[in-house]
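Down below is the structure, laid out as structure tokens.
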Amino acid sequence: MRTLVTCLAFASHIGIPAAFHSYGRNFVSDEASVRSLLDPSKQNAGICATDFWDCRGTALAKINLSLQVEPESDVKQPLLSLVTLMQKVLWGDHISVKRLDNAEATILSKHFDTTSDGNVLLMIDETQDDQAFKTPVSFPFDDSNIISRALKMVTKDDQKYLVLTRKRVLPGSGLGGGSADAAFILKNLGDDIKPREYLSLGSDVSFLASNENVAVISGMGEQITPLEDLAYKSHVYILIPDEHVSTKGVFNKTRECLSQGIFDPGPTPISVSATSKSAANFSEFQPFNTLEQCVTKHNVQHLLEILRKHVPSKRCGMSGSGCSCFLLDVDDAEALRIRQLYGKPLVIVKTRFKQAGDGKADFKYL
């Protein structure tokens with residue numbers, strides 16, 4: 082298993098102390114050991130012991146099939162104005178949530194680190210186990226974790242929760258892994274939170290917390306224009322290089338380019354109606370992402386160059402602020418050929434667009 086580290090840098094950046102009792106304390110190898118602390122009778126019950134958890138499910142990730150930044154965006158605002166075609170996929174982190182009584186919270190606090198509110202965040206690493214990958218999995222267990230921040234929005238009085246994340250989506254991959262985790266919490270525990278309040282967690286949380294499979298997202302992420310399921314039943318291949326891309330860094334570069342008047346806005350017009358119209362004729366749709374010009378990481382640039390050169394249909398692109406890319410209208414052999422041409426560690430996830438009637442995750446690693 083690859084090296085795991087906690088994201089202390091992010092915690093210090095937002096002014097929250099990242100205090101840990103011991104390294105790796107909240108990384109667990111299975112959930113049976115956690116259950117046994119609170120209910121020894123379920124220690125050997127396996128993953129089917131669903132009565133232990135109050136809710137559990139897959140926090141579906143997303144890909145940006147197109148993404149444009151409004152040229153007139155106010156660069157001084159925390160979030161830039163976007164128009165993006167966002168699609169959920171049948172792959173993501175698996176989240177299990179249990180509300181704790183005071184006795185249970187006390188027991189767990191003796192074994193694991195807690196947030197300032199007494200919540201317990203645990204993680205099982207289910208990212209692709211590629212020994213060649215050097216980028217560590219960043220997953221803080223204090224208040225800086227987006228799950229903790231989501232819990233603060235939905236908990237009342239002295240409520241405490243245990244949240245176990247089976248981590249599959251690598252941080253910094255542009256697939257909304259952390260945002261989807263937060264969205265799962267908001268959707269299952271929150272009942273009076275307005276979508277605009279989600280913006281404090283991220284621009285893609287509103288969509289990921291919604292019931293929509295695909296939509297045009299505009300503004301700072303709070304405006305959701307639902308679309309009918311796209312006319313695409315084949316698999317989508319998600320390519321994840323060994324590279325963490327900082328969302329903050331990419332958008333800082335975007336602000337710099339906008340201020341200098343050198344940012345390429347991409348296809349015009351930039352509008353919800355234009356994006357909706359192109360999505361309606363999806364067989365002719367050409368993915369694009371104007372943030373590609375602001376990603377300076379060599380591994381991502383190298384992967385994009387290979388895709389542009391070796392995917393004749395051009396039905397490919399970068400998702401979000403990177404580092405992940407995606408492929409449409411190809412098969413396993415063609416996806417594996419891209420890995421061979423890339424010549425470096427590359428996780429490939431084969432999955433599908435979420436569409437009407439889909440209720441379970443559907444994916445495999447190549």
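In terms of my numbering, the sequence shown is residues 82 to 447. All C-beta atoms, glycine included, are put in the ideal place defined by N, C-alpha and C.
Within 10 angstroms of its Cβ, does SER229 collect 16 or more other Cβ (buried), or is it exposed? Looking at its Cβ environment, which holds 16 or more other Cβ atoms inside 10 Å, SER229 is buried.
Measure the CB-CB distance between VAL170 and VAL295 and report whether it falls below 8 Å. Not a contact, by the Cβ cut-off of 8 Å.
Residues near THR377 by beta carbon distance below 6 Å, same chain, minus five either side: Around THR377: no qualifying Cβ.
Can you look up SER190 in the DSSP assignment and give me helix, strand or coil? Residue state, collapsed to three classes: helix.
Please report the residue range of the beta strand (DSSP E) in which GLN374 lies. According to the DSSP assignment, GLN374 belongs to no beta strand (DSSP E), since it is labelled neither H nor E.
Inspect the beta-carbon positions of SER394 and LEU372 and report whether they are closer than 8 Å. Going by C-beta atoms, SER394 is not nearer than 8 Å to LEU372.
Comparing alpha-carbon positions, which option in SER299, ASP272 and GLN240 lies nearest VAL164? Considering only SER299, ASP272 and GLN240, the residue with the shortest C-alpha distance to VAL164 is SER299.
Is it true that the stretch 429-443 meets the stretch 411-420, where meeting means three or more beta-carbon pairs spaced less than 8 Å apart? Using a C-beta cut-off of 8 Å, the stretch 429-443 makes contact with the stretch 411-420, since at least three inter-stretch Cβ pairs fall below that distance.
One question on the structure: do SER284 and LEU160 come within less than 8 Å of each other, judged by their Cβ atoms? Taking 8 Å as the Cβ cut-off, SER284 and LEU160 qualify as a contacting pair.
Contact check, HIS192 vs GLY253 under 8 Å by CB: the rounded distance? At roughly 29 Å, the Cβ-Cβ gap does not stay under 8 Å, so HIS192 and GLY253 are not in contact.
Secondary structure of MET301, DSSP reduced to three states: Coil.
Let me know if GLY438 comes out buried or exposed under the rule of 16 or more other beta-carbons within 10 Å of its beta-carbon. With fewer than 16 other beta carbons inside 10 angstroms of its own, GLY438 counts as exposed.
Assign VAL115 to one of three DSSP states: helix, strand, or coil. In this structure, VAL115 counts as helix in the three-state DSSP scheme.
Quick check: what's the CA-CA separation for HIS102 versus THR196? Because HIS102 carries a pLDDT of 36, less than 50, the predicted location of this residue cannot be relied on, and no value is offered for it.
Residue range of the beta strand (DSSP E) that GLY398 falls in? Unbroken beta strand (DSSP E) run through GLY398: 397-399.
Runs of 4 residues minimum, wholly inside the stretch 212-262: which ones carry the alpha helix (DSSP H) assignment? The stretch 212-262 contains these whole alpha helix (DSSP H) runs: 227-235.
Can you give me the start and stop residues for the alpha helix (DSSP H) that GLN341 sits inside? Run containing GLN341: 328-341, per the alpha helix (DSSP H) assignment.
Could you say if the stretch 238-255 and the stretch 297-314 meet the contact criterion of at least three C-beta pairs nearer than 8 Å? In this structure the stretch 238-255 does not lie against the stretch 297-314, because fewer than three pairs of beta carbons, one per stretch, are closer than 8 Å.
Write down the C-beta distance between LEU245 and GLU337 rounded to the nearest angstrom, noting that I regard them as a contact closer than 8 Å. At roughly 40 Å, the Cβ-Cβ gap does not stay under 8 Å, so LEU245 and GLU337 are not in contact.
Between the CA atoms of HIS391 and GLN421 - distance to the nearest angstrom: HIS391 has its alpha-carbon roughly 12 Å from the corresponding atom of GLN421.
Selection from LEU385, ASN107 and ARG433 that minimises the alpha carbon distance to ASN226: Relative to ASN226, the option among LEU385, ASN107 and ARG433 whose CA is nearest is ASN107.
Should ARG277 go down as buried or exposed, given a rule of 16 or more other Cβ atoms within 10 Å for buried? By the Cβ neighbour-count rule, ARG277 is exposed, with fewer than 16 other Cβ atoms within 10 Å of its own.
PHE444 and LEU311 - do their beta-carbons sit closer together than 8 Å? No, the pair does not count as a contact, with Cβ atoms beyond the cut-off.
What do you get for ARG458, buried or exposed, if any count of 16 or more other CB atoms within 10 angstroms of its CB means buried? Since the first residue shown for the chain is 82 and the last is 447, residue 458 is missing from the structure and cannot be characterised.
Might you give, ordered along the chain, the residues of its own chain that have their beta carbon closer than 7 Å to the beta carbon of SER364, omitting 5 neighbours on each side? Only ALA312 meet the Cβ criterion.
Cβ of VAL109 within 8 Å of Cβ of LEU189? No.
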